[in-house]
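Engineer: One structure is given below, represented as structure tokens, and several questions about it will come after.
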Amino acid sequence: MKVIVILMFVNCVNPQITFNKWKQALSGIVNTYSLFLDQQVFDMNCAFINAFNSKFGQSFQLGLNEFSSLTFSQFQTKYLGIMVPSQSNRISQIVYSNSGLFARFIEPIDIIPVSKTIPASIDYRNSSLAVQNQKNCGSCWAFTALSILGGWPINALNWILKSGGNAAPAMANYQYYGFKTKCRTNLAKIPVNIKAVVQNYTAGNENMMKEIVANVGPVAAVISVTSVFQLYKSGIFYDTTCNSNCGYVNHAVVIVGYGRNATTNLDYWIVKNTWGTTWGQLGYIYMSRNRGNNCNIACYAIHLGLVVPKTADRISSTTYSETMHSPLMSIMPTTDSSSTTVADSVDYSNYTLAVKHQLNCGSCWAFSVLDTLESRLKRLNNSYNTKLSPQYLVDCDTRDYACGGGWPINALNWIVQGGGNAVPAWTDYQYYGFKLRCRVTPKIHMGIVATVQNFTGGNENMMKELVSNYGPLTSVISVTSYFQLYKSGIFYDTTCNSNCATVNHAIVIVGYGRNVTTNMDYWIVKNSWVTNSFLN
């Protein structure tokens, strides 16, 4: 707590004094040896933060964090790890089933019934485990796969189910290092019980995403991250420079809720990241909702189970199902917002565990997926409090690229198909932020019945529907230097991509809402860049 208090008063007034205080304060949180302690870059970021925060009418604030001495290029290389699938995968699909067959529809299997009345706000953060740190490894896909339960998160989930015995070791048994090591297979695993891995291509439809989150709980999502995202501190994030056309994503996160700020009237997603607790709001970020699919927050929703007949106008894909029997037609009962009551705000923070830190590793895809999985398990059993191991996905997931990146739905599918539908606890399989040898360890059975990736196509109403109905979602976004330095407020970046064409980071949407003061809508987003933010 003392370290956090010190960080609150570190600002960019005097660069030399600030740089020294920043190093001193940060040394109590992370290993500064692993950081690029470049004062010239730090001073440049300080100037950028001051200039941005001095502008009138910003919905969010930038601030100092662990990444303040990194250029966005350095930051992107180390912390953004999404490997975007081909255009042919930009569909909603069931990627895997235990039977190996496809289905026209799949009945919901002991998950969460679809609600015709979608709550105005949801926050699964209290049903999610602590925010984790992917370290200096692009493993966000693995963390998101395990958070929901994540390359690409759906690949990780499918691997867990098919190749991992539908089980995963606890982080305590398979520690996370932040780099790839030899896969260890002789460790006890916790059964995950994945029945189906579903990837909804929601194509930017935030209402659909809201519906999924409300009904399913936390979901893995892939987003576009810019330099603004890198420096995010507080508020409702909105970046005009990030991609919003679902064409570029570079990071995986977990959506754990949504809502509306009563002050600003801004809708938001609650997103859980994997950069530890010094980033953003103790590892979370409020991302703008219903503002044009900002940073591709509503392009992909990757989750487990709840596969039902399709409505005529939805093209969603379930990437894994345990009980498929006929040609696949759909995965979820999403309906047009005109016929479905979607909650104005939702916040699933009560169903999310603590924010984690992916460290110097592009493993956001892993963090966002695992955060979503944790939230699902906590929604089913509120006493659940076991962090899952993203290091397991970094080391063992053969569909993604460890710290080099991944895709949340790939990670989810790997968990189901390659990981035995189980994931080890963090205490069994520690996270180090680099790839090590895959190890066998005890795993927790996930019980995934379906992994779904919704391409919402930038439709934030569709994304809102998904979050409202399904709970926290993994999402991929476009992150800029503004995001890198975010401090507080409702983030909005005019420089980030908003056409769903470019994404570079995976996070978790844990809710949405509206600020009543500013009348700005926002998404509540959980990141994976440490929790001891300079805001608090």
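Residue numbers (mature numbering (1 follows the signal peptide of the UniProt record, and there is no 0)): -15 to -1, 1 to 521.
Built from N, CA and C at the ideal position, the CB exists for glycine as well.
Quantities reported herein were computed from a predicted structural model and do not represent experimental measurements.
#1: Where do the ends of the alpha helix (DSSP H) carrying Ser229 lie?
#2: With a 10 Å radius around its C-beta and 16 neighbouring C-beta atoms as the bar for buried, classify Asn200 as buried or exposed.
#3: Going straight from the alpha carbon of Gln43 to that of Val461, what length do you get?
#4: Please list the segments of the alpha helix (DSSP H) lying wholly inside the stretch 345 to 382, counting only runs of 4 or more residues, in order along the chain.
#5: For Ala155, name the three-state secondary structure that DSSP assigns.
#6: Select from Asn489, Lys257, Gln59 the residue whose C-alpha is nearest the C-alpha of Tyr391.
#7: So does the stretch 497 to 509 actually touch the stretch 261 to 277, counting three or more Cβ pairs closer than 8 Å?
#8: So if DSSP puts Leu267 in a beta bridge, which residue, or which two residues, is it bridged to?
#9: Could you have a look at Gly66 and say whether DSSP puts it in helix, strand or coil?
#10: Give the secondary structure of Val210 by DSSP, where H, G and I count as helix, E and B as strand, and everything else as coil.
#11: Going by Cα to Cα distance, which pick from Gln9, Pro104, Trp264 is closest to Asn118?
#12: Roughly how far, in whole angstroms, is the beta-carbon of Met448 from the beta-carbon of Met156, given that I think they are within contact range, below 8 Å?
#13: Does Tyr285 come out as helix, strand or coil in the three-state DSSP assignment?
#14: Return the first residue and the last residue of the beta strand (DSSP E) that Tyr253 is part of.
#15: Taking Lys428 as part of the beta strand (DSSP E), name the residues at either end of that continuous run.
#16: Excluding sequence positions up to five away, which residues of its chain have a Cβ less than 7 Å from the Cβ of residue 523?
#17: Quick check: what's the CA-CA separation for Lys8 versus Tyr186?
#18: Where does the unbroken alpha helix (DSSP H) through Ser453 begin, and where does it stop?
#19: By a C-beta neighbour count over all protein chains shown, 10 Å radius and 16 as the cutoff for buried, is Arg422 buried or exposed?
#20: Taking the alpha-carbon positions, what's the Ser212 to Phe476 distance?
#21: Distance, Cα to Cα, Gln78 vs Gln438?
#22: Are there 16 or more other CB atoms within 10 angstroms of the CB of Asn5, so buried, or fewer, so exposed?
#23: Distance check for Gly389 and Asn38, CA to CA, integer angstroms please.
#24: Would Ser353 be called buried (16 or more neighbouring beta carbons within 10 Å of its own) or exposed?
#25: Quick check: the Cα distance between Phe214 and Pro393, rounded to an integer number of angstroms?
#26: Is the distance from the Cβ of Asp329 to the Cβ of Gly242 below 7 Å?
#27: Excluding five sequence neighbours on each side, which residues of the same chain lie with their C-beta closer than 8 Å to the C-beta of Gln415?
#28: Leaving out the 5 sequence neighbours to the left and right, which residues in its chain are closer than 8 Å to Ala32 when beta-carbon positions are compared?
#29: Beta-carbon separation of residue 525 and Met431 under 7 Å?
#30: Grab me the residues of Gly347's own chain with a C-beta within less than 7 Å of its C-beta, minus the 5 sequence neighbours each way, in chain order.
#31: Could you please give the first and the last residue of the uninterrupted alpha helix (DSSP H) stretch that includes Asn398?
#32: Just how far apart, CA to CA, sit Leu365 and Pro154?
#33: Return the bridge partner residues of Ala237 from the DSSP annotation.
#34: Measure the alpha-carbon distance for Thr102 versus Lys420 and round it to whole angstroms.
#35: Rounding to the nearest angstrom, what Cα-Cα distance links Lys167 and Phe52 in this structure?
#36: Measure the C-alpha to C-alpha separation of Val379 and Arg169 and round it to an integer number of angstroms.
Structural biologist: Short version:
#1: By 1-based counting over the sequence shown, the position of residue 229 is 244. First-last for Ser229: undefined, no H or E at that position.
#2: The residue given as residue 200 occupies position 215 in the sequence shown. Answer is buried; the Cβ neighbour count reaches 16.
#3: Taking the first residue of the sequence shown as position 1, residue 43 is located at position 58. Taking the first residue of the sequence shown as position 1, residue 461 is located at position 476. The straight-line gap from Cα to Cα measures roughly 23 Å.
#4: 349 to 365, 375 to 381
#5: Along the sequence shown, one-based indexing puts residue 155 at 170. Reduced to three states, the DSSP call for Ala155 is strand.
#6: Position 406 of the sequence shown holds residue 391. Checking the displayed sequence, the identity of residue 391 turns out to be Gly instead of Tyr. Of Asn489, Lys257, Gln59, the residue nearest in Cα terms is Asn489.
#7: yes
#8: Position 282 of the sequence shown holds residue 267. Leu267 pairs with nothing; no bridge assigned.
#9: What you label residue 66 is simply residue 81 of the sequence shown in a count that begins at 1. Correct three-state label for Gly66: coil.
#10: Within the sequence shown, residue 210 is the residue found at index 225, counting from 1. Residue state, collapsed to three classes: strand.
#11: Along the sequence shown, one-based indexing puts residue 118 at 133. If we check each option's Cα against that of Asn118, Trp264 comes out closest.
#12: Position 463 of the sequence shown, counted from the first residue, corresponds to residue 448. Position 171 of the sequence shown, counted from the first residue, corresponds to residue 156. Actually they are not in contact, since the Cβ atoms of Met448 and Met156 sit about 30 Å apart, beyond 8 Å.
#13: Looking up residue 285 in the sequence shown gives position 300. In the structure shown, Tyr285 sits in coil (DSSP, three-state: anything other than H, G, I, E or B).
#14: The residue given as residue 253 occupies position 268 in the sequence shown. Element bounds for Tyr253: 251 to 257.
#15: Taking the first residue of the sequence shown as position 1, residue 428 is located at position 443. Here Lys428 belongs to no beta strand (DSSP E), and DSSP marks it neither H nor E.
#16: As displayed, the chain neither begins before -15 nor continues past 521, which places residue 523 out of reach and without an answer.
#17: What you label residue 8 is simply residue 23 of the sequence shown in a count that begins at 1. What you label residue 186 is simply residue 201 of the sequence shown in a count that begins at 1. One C-alpha to the other measures close to 42 Å.
#18: Stepping through the sequence shown from its first residue, residue 453 is reached at position 468. 445 to 455 is the span of the alpha helix (DSSP H), which, as asked, contains Ser453.
#19: As a working mapping, residue 422 is identified with position 437 in the sequence shown. It is exposed - the Cβ of Arg422 has fewer than 16 other Cβ atoms within 10 Å.
#20: Within the sequence shown, the letter at position 227 stands for residue 212. Within the sequence shown, the letter at position 491 stands for residue 476. Roughly 12 Å separates the two Cα atoms.
#21: To locate residue 78, count along the sequence shown from 1; it is residue 93. To locate residue 438, count along the sequence shown from 1; it is residue 453. Interpretation of Gln78 is limited by its pLDDT of 47, a score under 50 that renders its predicted location unreliable; no figure is taken from the coordinates.
#22: As a first step, residue 5 must be located in the sequence shown, where it is residue number 20. Label assigned to Asn5: exposed.
#23: By 1-based counting over the sequence shown, the position of residue 38 is 53. By 1-based counting over the sequence shown, the position of residue 389 is 404. Cα to Cα, the separation comes out at about 32 Å.
#24: Start at 1 with the first residue of the sequence shown, and residue 353 comes out as number 368. Ser353 is buried by the Cβ-count criterion.
#25: Along the sequence shown, read from residue 1 onward, the residue named residue 214 stands at position 229. Along the sequence shown, read from residue 1 onward, the residue named residue 393 stands at position 408. Roughly 19 Å separates the two Cα atoms.
#26: As a working mapping, residue 329 is identified with position 344 in the sequence shown. As a working mapping, residue 242 is identified with position 257 in the sequence shown. Against a cut-off of 7 Å, the Cβ pair of Gly242 and Asp329 comes out as no contact.
#27: If you number the sequence shown from 1, residue 415 lands on position 430. For Gln415, where only same-chain residues beyond five positions count, the Cβ hits under 8 Å are Met156, Ala157, Tyr159, Gln160, Tyr161, Tyr162, Ser374, Gln376.
#28: On the sequence shown, position 47 is the one that residue 32 refers to. Hits under 8 Å: Cys(-4).
#29: Residue 525 is absent from the structure shown; the chain starts at -15 and stops at 521.
#30: As a first step, residue 347 is located in the sequence shown; it is residue number 362 there, counting from the start. Excluding residues within five positions, the ones whose Cβ falls inside 7 Å are Lys63, Tyr64, Leu65, Gly66, Cys122, Gly123, Ser124, Cys125, Cys388, Gly389, Gly390.
#31: Residue 398 sits at position 413 when you count from the first residue of the sequence shown. Element bounds for Asn398: 393 to 402.
#32: Within the sequence shown, residue 365 is the residue found at index 380, counting from 1. Within the sequence shown, residue 154 is the residue found at index 169, counting from 1. Going by the C-alpha atoms only, they are around 20 Å apart.
#33: Translated into positions along the sequence shown, residue 237 becomes position 252. According to DSSP, which records beta bridges pairwise, Ala237 is partnered with Ala491.
#34: As a working note, residue 102 is residue 117 in the sequence shown. As a working note, residue 420 is residue 435 in the sequence shown. Their Cα atoms are separated by approximately 44 Å.
#35: Position 182 of the sequence shown, counted from the start, is the residue given in the question as residue 167. Position 67 of the sequence shown, counted from the start, is the residue given in the question as residue 52. Lys167 and Phe52: Cα-Cα distance of roughly 29 Å.
#36: Taking the first residue of the sequence shown as position 1, residue 379 is located at position 394. Taking the first residue of the sequence shown as position 1, residue 169 is located at position 184. Those two C-alpha atoms are separated by around 12 Å.
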